[in-house]
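K.L.:
Could you have a look at this structure, given as structure tokens, before my questions?
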Amino acid sequence: MKHIKTLSTRDLKESMKKGGCGECQTSCQSACKTSCTVGNQTCEKAK
Amino acid sequence: MIHQYKNNGYNIVLDVNSGSVHVVDDCVYDVVPVLEPILKAGLTGETAIEATCMACEKLPYSSTDIREVAEELLELHNAGQLYTPDIYEDYIIDFKKRQTVVKALCLHIAHDCNLACKYCFAEEGEYHGRRALMSYEVGKKALDFLVANSGNRVNLEVDFFGGEPTLNFDVVKKLVEYGRSIEEKNNKKFRFTLTTNGVLLNDEILEFANKEMANVVLSIDGRKEVNDRMRPFRGGQGSYDMIVPKFKKVAESRDQMNYYVRGTFTHNNLDFSEDVKHLADLGFKQISVEPVVAQPTDDYALREEDIPQILEEYDNLAKDLIRRSKEGEPVNFFHFMIDLTGGPCVAKRLSGCGSGTEYLAVTPWGDLYPCHQFVGNEDFLMGNVDEGITRADIQDEFKCCNVYAKEKCKKCFAKFYCSGGCAANSYNFHGNINDAYDLGCELQRKRVECAIMMKAALDELDKGE
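So this is what it looks like as structure tokens:
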């Protein structure tokens, strides 16, 4: 495209189909302990 | 839902519901909000393009450019990458109704501390209660409780927390040994982590941590004067000089991975980007510096009038981190981490942090709470390691906690990145877990914006643009 550059992203809608396995890390077990951050976590199946 | 913003010379259009990120020129940036109501009115194809061109006549772009842009936007729309509707609410509500398992425990190994940090939500380790160390027996029951309540989940997380867990390190070692001994027969894998202030760190603890701990969180606030002001010993002297050499050793011995130096910024150091830079200049590659959560009456609490400066600091920090990456010395800042390609599924993103259901905190005497921040508040005492969960009503309340249960989250673009925020923060500021800590939300939105902008900048770097 001439005017738009799209970054590669995971399709969230597609992730409904095989998501929700629950094997991923619990949010607060990383470093925060005072906020909630999930966007930075990696899907266990994508590792 | 579209969220568009300009940052550091980049025009970003985030299609919130698909997660697509578009870096666009000025013309696209101005046309994006024009096309949306046209599509909502039911126009499609050439009719939609013509309507867009007419509606954009007064914009300072050529008719050729506007037509090209409208065509590109329609292409993205048809590919499900723009103006995507929110179709997740029923899915998430159903998802939250599922039978949950416990997959993570925060073990309060020691309700005691050898520092007297002024902002400590644990009240110098004591959590509004008494000083206590967890016995091996209580810890062992906690691990058994976790295994018994974890269903088919294989990976189990156990954080050794405090207070200061190294005050009771023999128990930590024994619990790790016990955990390892029951992994195979239960088809489980423990991921142990340790959060420490570093005061008692020595070679023996380091060797053990490097062998057994999947992650180590090292508490330090940044510059010496900043750290020592808020993280003194009980006698008042600062901790910086003692901990920095130890933390450097930890970072190097773990090959600069699987650890964080983690600090807290307060009203007293609103120029916290300098603290992150200081930690980076000391050689640390994994850094987290986070806003303090305090009562408004605390003199170090962040205030609404501090917000503009904090937002500017995040911008400064993002630019500095891009510079470091360009110079081949990348530093990972926890709150700017965002995994666009391999990040969590939508169920994880919208269903909340898991406190009170998948994640529980265990006190030294074996009581269970929804998370470490609720410990000490008897209204949230959920059970204990002997009897298990005795207050299913509390568990049910947390089970229903998700972004669609929170009015403020429904219209917020950041909900896919924060999962509705921290239940404890919501409770502390509004008296219930289904609200949101507004100041924290504002900072969170800025961090997401910076993180996405950095992806755009580093994408250029990767492609040599």
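Chains V and R are the protein sequences, given in the same order. First residue of the first sequence? That's 1 in this note's numbering, and the numbers climb one at a time after it. First residue of the second sequence? That's 48 in this note's numbering, and the numbers climb one at a time after it. Positions of the beta carbon are idealized from the N, C-alpha and C atoms, including for glycine.
So, is the C-beta of C392 (chain R) closer than 8 Å to a C-beta in chain V?
P.N.:
Interface residue, yes.
K.L.:
For V148 (chain R), which three-state DSSP category applies?
P.N.:
coil
K.L.:
Does the Cβ of V219 (chain R) lie closer than 7 Å to at least one heavy atom of the ligand ZN?
P.N.:
Summarising the ligand content, the structure contains no ligands, and the ligand ZN is consequently not present.
K.L.:
Just reading off the beta strand (DSSP E) that P521 (chain R) is part of, what are its end residues?
P.N.:
Chain R is shown only over 48 to 512; residue 521 (chain R) falls outside these bounds and no answer can be derived.
K.L.:
Are T404 (chain R) and F445 (chain R) close, meaning C-beta to C-beta below 8 Å?
P.N.:
yes
K.L.:
By the 10 Å Cβ neighbour count, where 16 or more other Cβ atoms means buried, how is I134 (chain R) classified, buried or exposed?
P.N.:
exposed
K.L.:
Find the nearest neighbour of N64 (chain R) within the set R:D485, R:K493, R:A483, R:F463, judged by alpha-carbon distance.
P.N.:
R:F463
K.L.:
Run the CB neighbour count on R370 (chain R), radius 10 Å, all protein chains shown included, and call it buried at 16 or more, exposed below.
P.N.:
exposed
K.L.:
Apart from the five residues on each side of it in sequence, which residues of its chain come closer than 7 Å, Cβ to Cβ, to G186 (chain R)?
P.N.:
L154, V218, L222
K.L.:
By the DSSP assignment, the alpha helix (DSSP H) with V63 (chain R) in it spans what residues?
P.N.:
Note, V63 (chain R): premise wrong, no alpha helix (DSSP H); not H, not E.
K.L.:
Which whole-angstrom value describes the C-beta separation of C28 (chain V) and Q41 (chain V), a residue pair presumed to lie in contact below a C-beta threshold of 8 Å?
P.N.:
With a Cβ gap of about 11 Å, C28 (chain V) and Q41 (chain V) do not count as contacting.
K.L.:
Quick one: which chain V residues come within Cβ less than 9 Å of V201 (chain R)?
P.N.:
E23
K.L.:
Check whether the region 170 to 184 of chain R touches the region 127 to 146 of chain R, taking contact to mean three or more Cβ pairs, one atom from each stretch, closer than 8 Å.
P.N.:
no
K.L.:
If you run the structure through DSSP and keep just helix, strand and coil, what is H419 (chain R)?
P.N.:
Looking at H419 (chain R) - three-state DSSP - the assignment turns out to be helix.
K.L.:
With C-beta atoms as the reference, is V194 (chain R) less than 8 Å away from K236 (chain R)?
P.N.:
no
K.L.:
Quick one: is Q420 (chain R) buried, meaning 16 or more other Cβ sit within 10 Å of its Cβ, or exposed?
P.N.:
Classification of Q420 (chain R): buried, given that the 10 Å Cβ count is 16 or more.
K.L.:
Can you give me the start and stop residues for the beta strand (DSSP E) that Q356 (chain R) sits inside?
P.N.:
Judged by DSSP secondary structure, Q356 (chain R) falls outside any beta strand (DSSP E) and instead within the alpha helix (DSSP H) spanning 354 to 373.
K.L.:
When you compare only the Cα positions, how much space is there between A117 (chain R) and T99 (chain R)?
P.N.:
7 Å
K.L.:
Is the region 304 to 318 of chain R touching the region 339 to 350 of chain R, taking contact as three or more C-beta pairs under 8 Å?
P.N.:
yes
K.L.:
So is K125 (chain R) buried or exposed if we call it buried at 16+ other beta carbons inside 10 Å?
P.N.:
Checking the displayed sequence, the identity of residue 125 (chain R) turns out to be Asn instead of Lys. That one is exposed.
K.L.:
Please compile the residues from chain V whose C-beta is within a distance smaller than 7 Å of the C-beta of G389 (chain R).
P.N.:
R10, T42, C43, A46
K.L.:
Look up C400 (chain R) in the DSSP assignment and say whether it is helix, strand or coil.
P.N.:
It is coil, neither helix nor strand.
K.L.:
Candidates R:L317, R:K502, R:T213: which alpha carbon is nearest I252 (chain R)'s?
P.N.:
R:T213
K.L.:
Considering only C-alpha positions, which residue in the set R:S228, R:G127, R:N54 is nearest to R10 (chain V)?
P.N.:
R:G127
K.L.:
Cα separation between T437 (chain R) and I140 (chain R)?
P.N.:
Note on geometry: alpha-carbon atoms of T437 (chain R) and I140 (chain R) lie some 24 Å from one another.
K.L.:
Within the same chain, show all residues whose beta-carbon is closer than 6 Å to that of A504 (chain R), passing over the 5 residues directly before and after it, in chain order.
P.N.:
I369
K.L.:
What are the residues in the region 358 to 392 of chain R lying within 7 Å of chain V by C-beta distance?
P.N.:
F381, H382, M384, I385, D386, L387, T388, G389, G390, P391, C392
K.L.:
Which residue comes first and which comes last in the alpha helix (DSSP H) that contains F294 (chain R)?
P.N.:
287 to 300
K.L.:
As a quick exercise: from V:H3, V:E44, V:G19, pick the residue whose alpha carbon is nearest that of A394 (chain R).
P.N.:
V:G19
K.L.:
Reducing DSSP to helix, strand and coil, say where S266 (chain R) ends up.
P.N.:
strand
K.L.:
Under the assumption that C43 (chain V) contacts G390 (chain R) (Cβ atoms under 8 Å), give the Cβ distance between them as a whole number of angstroms.
P.N.:
Yes, C43 (chain V) and G390 (chain R) are in contact; Cβ-Cβ is about 7 Å, under 8 Å.
K.L.:
Taking DSSP as the reference, what is the three-state secondary structure of D414 (chain R)?
P.N.:
strand
K.L.:
If you drop the 5 nearest sequence neighbours on each side, which residues of the same chain put their C-beta closer than 6 Å to that of D206 (chain R)?
P.N.:
C153, T240
K.L.:
Name the chain V residues whose beta carbon is nearer than 8 Å to that of F421 (chain R)?
P.N.:
Result: empty, since nearest Cβ-Cβ is about 12 Å, beyond 8 Å.
K.L.:
In terms of alpha-carbon separation, which member of V:E14, V:K13, V:L12, V:T6 lies closest to N58 (chain R)?
P.N.:
V:T6
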